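So the structure is just underneath, and the comments pick up after that.
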Amino acid sequence: MPELPEVETTRQGIAPHCEGRRIRRLLIRNPALRWPVPADLPARMEGHTIHAVDRRGKYILIRLDAGTAIVHLGMSGSMRVVTGPAPPLKHDHVELQLDNELIIRFNDPRRFGCWLWSDTPDQHPLLNALGPEPLAAEFTGALLYRLARGRQVAVKSFIMDSRVVVGVGNIYANEALFKAGIHPNRKAGRISADRYHRLAEAIRETLSAAILMGGTTLRDFVNSDGKPGYFAQSLLVYGKRGQPCPACQRPLREVRTGQRSTVYCGHCQR
DNA sequence: AGTTTAACCTGGGTGC
DNA sequence: TGCACCCAGGTTAAAC
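Structure representation (structure tokens):
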């Protein structure tokens, strides 16, 4: 499921309900996520006040006065705001009960997500080596060009590397490369500074547009109200193998780049 | 050191 | 219907 736009959509959905609220209870129904949910997480969170719900890359940071919960949605995770008494759904593994009767339920069928705790999240091993936010000023074509010197890896894998830039998953990597006219399998070190400038711009545009539309729902992504995102109807190439290129009408091709499906136009992308 | 591969899981779709 | 198989939005860690 979630790439950066979906995580940001989720964050925006739950933050207004959480911020300033005290946690009445943290209920863990199934601690077997990507890593085990720490047994002392309820004790660390219950009774404390949520100062902010932030995002770093695809991580949601629930900041309390006493430390920070680090939450990842993995490939199939979502969070719902539940207002009244309602039985938990299958795969509702964690829930945050607030002092205003609202409940935030974390649902994750594949259990690739996580709930961890850190007193210093910026220094946490999962966060301390992350690259820049794609929508921040320090993310530029010049940065991509510099980091790509000498790299033999396919440019698609390069921009999906969270040490280079965070938040670009398979869907948006395909979309941004199409917009920039760059072949996904071109070696990262063999692309000009000018073309990296276009690519950085395409990444920013694609992610911004997707956030405005509430993310992309392919199968199961829902926002905190349980509604899907609508960016799927704006996709240019992802999932469209064999369909005409939006620019030149030639059929789009599909290959695999490091285990991931890659769709591109062999004419428009070089 | 850079790059590729396997692994963590469930569920939906497809083909026999 | 059933079953085997393949695929999926992420990321780490081990293996080349």
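According to my numbering, the residues represented by the first sequence are 1456 to 1725, in order.
By construction, the Cβ of each residue, glycine as well, lies at the ideal position given by its N, Cα and C atoms.
If you're wondering where the values come from, they're calculated on a predicted model, not measured in any experiment.
Paired residues, beta bridge with residue i - DSSP
i: residue 1536; result: 1559
i: residue 1569; result: 1527
i: residue 1709; result: 1718
i: residue 1630; result: Beta-bridge pairing links residue 1630 to no other residue.
i: residue 1509; result: 1516
i: residue 1477; result: 1504
Reduced DSSP category for residue i - H, G, I as helix; E, B as strand; rest coil
i: residue 1501; result: coil
i: residue 1698; result: coil
i: residue 1575; result: coil
i: residue 1471; result: helix
i: residue 1460; result: helix
i: residue 1693; result: coil
i: residue 1522; result: strand
i: residue 1635; result: helix
i: residue 1704; result: coil
i: residue 1496; result: helix
Buried versus exposed, by CB contacts within 10 Å (16 or more), residue i
i: residue 1575; result: exposed
i: residue 1593; result: exposed
i: residue 1703; result: exposed
i: residue 1669; result: buried
i: residue 1570; result: buried
i: residue 1572; result: buried
Residue range of the unbroken alpha helix (DSSP H) whose run includes residue i
i: residue 1599; result: 1596 to 1603
i: residue 1649; result: 1648 to 1667
i: residue 1610; result: 1610 to 1614
i: residue 1544; result: Looking at the DSSP string, residue 1544 is not in any alpha helix (DSSP H), and its letter there is neither H nor E.
Sub-7 Å separation of residue i and residue j beta-carbons
i: residue 1637; j: residue 1623; result: no
i: residue 1631; j: residue 1661; result: yes
i: residue 1505; j: residue 1556; result: no
i: residue 1580; j: residue 1620; result: no
i: residue 1568; j: residue 1527; result: yes
Where the beta strand (DSSP E) through residue i begins and ends
i: residue 1588; result: Per DSSP, residue 1588 belongs to no beta strand (DSSP E) and is neither H nor E.
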